Amino acid sequence: SSMFVFPHKLILKTCGTTTLLLGLRRMLRIAAMEAKFPFDNTDSVEDIKTAATPYRVFYSRKNFLFPDKQHGPHRSWKHEVKFLDDMFAGGSAYMVGKMNGDHWYLYLTSPNTTLTPPRTPENERSPTETKILKIPSISAYTVSQRGLESDDETLEVLMTDLDQENAKQFYLEHASAVAEGKYSDRAQRARKEAANSLGDLSEAMMNSTLSGTTAGSANEEKFDVFSQTSSENGIYTPEDEALFPEDLSTEGHALGTVVSEACGLSDVYPTSRYPDARVDAYLFTPCGFSANGVIPAPDQAGAATHYFTVHVTPEAQCSYASFETNVPGRQTGRETCEVIEHVVNIFKPGRFSVTLFEAKSDTFEARELGLVAEQSAETAKKALVRSAKMEKIRGYRRVDRIVHELDGYDLVFRYYERE
Amino acid sequence: TFSPSEGTPHLTINREATIDLDSSNAFEGPEKLLEVWFAPAADALPPGTKKNGLKAVAAETWKEMLDLVNCKVLSVVESEHIDAYLLSE
């Protein structure tokens, strides 16, 4: 599970039998009380029922593998829609995909335009940066501002029926072996470098100081990063931390990082292109993996930061993996289908669905006012080429393609099966 | 593998939450995904809102909400524009 907090929005993605919607009221209250977002359901912020008025709400999920094991409002999609309808006006609920197969649910509300402040000059974007059609009658209010971060796009890949041989890499046992091989190499290198830089300290002395491998002795004791130095509940002791950066100091996080690199996830947004990227990964016991990536836009100080998140349940009877990102396709230097292929190649699912949510640059209101900027032929052609490429994901057959034009967004749902 | 620069995101680990963490009974992978927007963009917060909006809220405060969801915080990556929480059930 993961949560992402932005100044203006919150994303909460939770697995298992979590009761996500039961946290919603408290979230709205916190937004009003702590962050001082406006509210209109009570007279005073002290009132226990005070809840900030959201600008827009999206709730979605794939069909559960074991729906009858869910709790509270999550017992069925109907319950979830009723819960949300009771909280928000003007919500719409959709089911996308096969009713008798893999499908996906979506609930969303329309933008609450009463919350949109007129743009002040200093945060006005330069015309060249976004298409701004100034509407004199609406003071300093620009069409591009309506509901649009620049490059507002979310890609989600939901995978099931994972190849079991490949899924072993998300088990603690397997990852420990990988790590042991990798870190004992690194430990050896660290020892040599330390010996060289210390000059007069002999390597033998260095070996005893690091109480690792008794180099050269008859019953050579392998430098086992985990059993040697971690206390009984698997938490590292101070001696370990010399080997790991200060913040990779639990077994789950350390192994999560090993798996993230070994399986190729860290290469989806490589630090060669995203030097400030940071991946926070965790390997669960006995199996299971989660990772969050924070991806500051490369070489654009102050530009938006994006994220990705991955959750993996590797067991055969309920195997599942998800990848979600809002890193804009055009920023990666790769096609969206290449990112999907990279991810699918990591998890090797038998089936997967892809949802691509893209904010439309011409907004509902702009169309109403007849001010739609003619979408250049070039942009339209690019979109067509991009879409055509999504039809061919190596090793898979695209079964369904369903397009929804929603208020402010285009949603394209695709479903694939292994060939 | 990172080249830390002044804007590099920073990771904080909640070790306590990782003690005796056991996911043997995890069986339902498909997630519930909730996205709540309180403004159309980070630079268009409503008047009167705290300068950093939701990012001004303390992690402890979010944990009260996460308790209602049945999640614990394992670690947080804080950066200028996003705070990313890794959670466990």
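So the sequences go chain by chain: C and R.
The numbering used here applies: residue 1 is where the first sequence begins, and numbers increase by one.
The numbering used here applies: residue 1001 is where the second sequence begins, and numbers increase by one.
Glycine included, C-beta positions come from ideal geometry on N, C-alpha and C.
In this text, all values refer to a predicted model and were calculated from it rather than measured experimentally.
Using a Cβ-Cβ cut-off of less than 9 angstroms, give me the residues of the segment 1028-1041 of chain R that come near chain C, in sequence order.
Residues of the segment 1028-1041 of chain R that bring their beta carbon within less than 9 angstroms of a beta carbon in chain C comprise Glu1028, Gly1029, Pro1030, Glu1031, Lys1032, Leu1033, Leu1034, Glu1035, Val1036, Trp1037, Phe1038, Ala1039, Pro1040, Ala1041, in sequence order.
Output, in chain order, the set of chain C residues within a Cβ distance shorter than 9 angstroms of glutamate 1089 of chain R.
Here residue 1089 of chain R refers to the residue found at position 89 of the second sequence. Per Cβ cutoff of 9 angstroms: Ser1, Thr14, Cys15, Gly16, Thr17, Thr18.
Taking the alpha carbon of tyrosine 382 of chain C as the point to measure from, which residue in C/Arg330, C/Phe357, C/Ile402 has its own alpha carbon closest?
Numbered from its first residue, the first sequence carries residue 382 of chain C at position 382. Reading off the sequence, residue 382 of chain C comes out as lysine, not tyrosine. Ranking C/Arg330, C/Phe357, C/Ile402 by Cα distance to lysine 382 of chain C puts C/Arg330 first.
Please identify, using Cβ separations under 8 angstroms, the residues of the segment 377-397 of chain C that lie next to chain R, in order along the chain.
Hits within the stretch: zero.
At a CB-CB cut-off below 8 angstroms, which residues of chain R make contact with asparagine 292 of chain C?
The residue given as residue 292 of chain C occupies position 292 in the first sequence. By Cβ distance, chain R contributes Val1077, Ala1084, Tyr1085, Leu1086.
Buried or exposed: where does glutamine 164 of chain C fall if 16 or more other Cβ atoms within 10 Å of its Cβ makes it buried?
By one-based count along the first sequence, residue 164 of chain C stands at place 164. With fewer than 16 Cβ atoms within 10 Å of its Cβ, glutamine 164 of chain C is classed as exposed.
Take every Cβ of the segment 74-81 of chain C, pair it with every Cβ of the segment 24-33 of chain C, and state whether three or more of those distances are shorter than 8 angstroms.
no
Whole angstroms are fine: how far does the CA of asparagine 166 of chain C sit from the CA of alanine 262 of chain C?
Counted from its first residue, the first sequence places residue 262 of chain C at position 262. Counted from its first residue, the first sequence places residue 166 of chain C at position 166. Approximately 12 angstroms between the Cα atoms of the pair.
Is serine 285 of chain C helix, strand or coil when you go by DSSP?
Taking the first residue of the first sequence as position 1, residue 285 of chain C is located at position 285. Per the sequence presented here, residue 285 of chain C reads as threonine, with serine not at that position. In this structure, threonine 285 of chain C counts as coil in the three-state DSSP scheme.
What residues are listed by DSSP as bridge partners for serine 76 of chain C?
Against the first sequence, residue 76 of chain C aligns to sequence position 76. Serine 76 of chain C pairs with nothing; no bridge assigned.
Beta-carbon neighbours of glutamate 34 of chain C, restricted to chain R and to distances below 9 angstroms:
Start at 1 with the first residue of the first sequence, and residue 34 of chain C comes out as number 34. Within chain R, the residues near glutamate 34 of chain C are Lys1050, Leu1054, Ala1056, Val1057, Ala1058, Thr1061.
Interface flag, threonine 285 of chain C vs chain R, CB-CB below 8 angstroms
For the purposes of this step, residue 285 of chain C is identified with residue 285 of the first sequence, where counting begins at 1. So yes, threonine 285 of chain C belongs to the interface.
Best match in C/Val403, C/Arg398, C/Ala277 for proximity to tyrosine 415 of chain C [C-alpha to C-alpha]:
As a first step, residue 415 of chain C must be located in the first sequence, where it is residue number 415. Looking at the Cα atoms, C/Arg398 is the closest of the given residues.
Among the residues of its own chain, which have a CB less than 8 angstroms from the CB of proline 136 of chain C, if the five just before and after it don't count?
Taking the first sequence and counting its residues from 1, one reaches residue 136 of chain C at position 136. Low local confidence applies: a pLDDT of 30 at proline 136 of chain C is under 50, so the model's placement there is unreliable, and no value is given.
Can you list the residues of chain R that isoleucine 346 of chain C reaches, using a CB-CB cut of under 8 angstroms?
Here the question's residue 346 of chain C lines up with position 346 in the first sequence. The contacting residues do not exist; isoleucine 346 of chain C stays about 15 angstroms from chain R at best.
Which one or two residues does DSSP pair with phenylalanine 323 of chain C in a beta bridge?
Looking up residue 323 of chain C in the first sequence gives position 323. Phenylalanine 323 of chain C pairs with C/Val157, C/Val310.
Are glycine 252 of chain C and leucine 1021 of chain R closer than 8 angstroms when you measure CB to CB?
Sequence index remark: in the first sequence, residue 252 of chain C carries index 252 (1-based). Sequence index remark: in the second sequence, residue 1021 of chain R carries index 21 (1-based). Contact: yes.
Can you list, in chain order, the residues of the segment 37-62 of chain C whose Cβ is nearer than 7 angstroms to any Cβ on chain R?
Phe37, Pro38, Ala52, Pro54, Tyr55, Arg56, Val57, Phe58, Tyr59, Ser60, Arg61, Lys62
Relative to the alpha-carbon of valine 310 of chain C, which residue among C/Pro7, C/Glu156, C/Glu335 has its alpha-carbon at the smallest distance?
Against the first sequence, residue 310 of chain C aligns to sequence position 310. Minimum Cα distance to valine 310 of chain C is reached at C/Glu156.
Assuming leucine 108 of chain C contacts phenylalanine 58 of chain C under a Cβ cut-off of 8 angstroms, what Cβ separation, rounded to an integer in Å, is found between them?
Start at 1 with the first residue of the first sequence, and residue 108 of chain C comes out as number 108. Start at 1 with the first residue of the first sequence, and residue 58 of chain C comes out as number 58. About 5 angstroms separates the two Cβ atoms, so the contact holds.
Rounded to whole angstroms, what's the CA-CA distance from lysine 36 of chain C to valine 1057 of chain R? Just pull it up for me.
Against the first sequence, residue 36 of chain C aligns to sequence position 36. Against the second sequence, residue 1057 of chain R aligns to sequence position 57. Answer to the nearest angstrom: the Cα atoms are 10 angstroms apart.
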